[in-house]
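The numbers in the sequence shown follow our numbering, run straight up by one, and end at 936.
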Amino acid sequence: MSNIDLDEDVRDAIQEVTNVAVGEAADKIARSFSTFVNIPIPRVHLLDAADVTMALTAIEASARVTAVTQPFFGSGISGEALLMFTDASMGELSQLMGYQVTTDDHQQVELVLEMASLLNGSCIHGICSQLDISVLLKHPELLGQHTSLNDILSESVFPWDQTLAIELNYAFEDYSITCDLIILFHESSLPSLFRQVNFLLD
């Protein structure tokens, strides 16, 4: 597919739509875990697939992380959500979610998968509902554990040349948790996505 341009008005509209979705997701997290969530400012980028690491600003490329991926599709769009927590965050993530702190790898993965189902789903459904796009999410799957962000992304084969990336850095009051969510829209989705955004602008 030839290169696609991202109009500034469309970028701003996507950021605003994401802001609304993020607020709804933060409210759901706050009510689920009785904690205040600092609402992140979405960062919207149109990137070559090889440059996805450039969109990830909250986590150092060398930091050890647990990462999960969750594909989504529907109404002419498809993509995936990548949710990452640093290893240093896992103890406090357990506390936030009401579990005993654990060093068991399997249990830590289950924590991240549970959070992904809640956080990813809220954000993606929130974005798509505003754009009148029906969307389905597959179950989240482990992408990597106790490995660097660089290694995870270098081993990932993205099936596109360009992607629209929306990055969200969540912070939880009273908890030292480093969390990065990046929503990647497949290249083939972008004409449909931008068309729906333009309908919203009109």
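Where is the CB? At the ideal position from N, CA and C, for every residue including glycine.
Annotation: T769 is outside any beta strand (DSSP E) and is labelled neither H nor E by DSSP. When DSSP reads this structure, D914 sits in a beta bridge with M818 and N903.
Secondary structure at I738: coil, using DSSP grouped into helix, strand and coil. Cβ-Cβ separation between E814 and T800: approximately 16 Å, too far for a contact (criterion under 8 Å). For P805, the enclosing beta strand (DSSP E) covers residues R798 to G808. Distance check between L877 and each of N854, V771 and M818 places M818 closest, using alpha-carbon atoms only. L870 and F806 have their C-alpha atoms spaced approximately 6 Å apart. Of I738, D885, M849 and S766, the smallest CA-CA separation from H779 is found for I738.
In this structure L935 is exposed. Its beta-carbon is surrounded by fewer than 16 other beta-carbon atoms within 10 angstroms. Note on geometry: alpha-carbon atoms of T752 and L865 lie some 11 Å from one another. The three-state secondary structure of Q896, taken from DSSP, is strand.
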